[in-house]
Every structure is written in C-alpha cells, then in structure tokens.
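Novice: Residue numbers (our numbering): 5 to 134.
1) Answer yes or no: does any C-beta atom of chain B fall closer than 8 Å to that of residue 84?
2) How would you call residue 24, buried or exposed, if buried means at least 16 neighbouring beta carbons within 10 angstroms?
3) Could you tell me whether the stretch 70–89 touches the stretch 10–25, where touching means 3 or more Cβ pairs closer than 8 Å?
4) Below 8 Å, how does it come out for the stretch 28–39 and the stretch 82–91: are there three or more Cβ pairs, yes or no?
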C-alpha cells in the first residue's frame, strides 16, 4: 500500500532521488558491494515510505522489520539474489516515478514476499512448514 500511495504522491524531485538511489544500487550490484547494498536498500525503502506521506503505515512497517543487516549482507553475497533484487527495485522505482500505483503496489508486494521467503530459507533452511 505504501508503494501505491508513493506512486500517487511522489513529487518530481523525490522521483529523481528515488531513481538515483536505484542507479546507485545498480552500481553496488555490479561491484558486489554487499555493505553498500544493505545501506542503499534501507534508503530505497525509507524514501518510498516518506514519499507515501503516510506516517501511520510507515510506522507499522517499521515495527514489522524482522531481519537485520547481517542477514541482508549474506543475502546480497549471492550474485543471483543481487541481480533479482536489483531488477525488482528498478521496476518498483519506475512504477512509482511514472505514477502507476497499482503496478507499484503489486511489484512491491511480490518483492517483499520473495525476499522474506529468501530470508526464511537462509535462516531456517528449506523447510516446508515455514
């Protein structure tokens, strides 16, 4: 929902900034800089939260964050995962900047679910009961 609102409410300067963050993520992906990717990932999502101008939902999401930078580093060490995350972030940014609220919401939901599943698989293994 936050991505949906961000796509409806983002201004041109904020859109330029979101695109710049996504571009920096591309460079960090190519150089396999996991630490930068962790930081840029946080900046990317926080920027979307601010752009949504919905403090209530941003606060709810903040309380639900359950994995830390160390696990994110492990995730970003995998070249396939880095590439997949980059593609997802670029698509989310494009949908938000172009104002396609429904697409932004759908892409963000898919990204969050997929990355959450990746996290759970790393922490708990490939257990079917997760």
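We put the CB at the ideal spot given by N, CA and C, even for glycine.
It should be emphasised that the depicted structure is a prediction, and the values quoted were computed from it without experimental measurement.
Specialist: Well, looking at it:
1) The question asks about chain B, but that chain is absent: this structure has only one protein chain.
2) Residue 24 counts as exposed, since fewer than 16 other C-beta atoms from the protein chains shown sit within 10 angstroms of its C-beta.
3) Because the criterion of three Cβ pairs below 8 Å is not met, the stretch 70–89 and the stretch 10–25 do not touch.
4) These segments touch.
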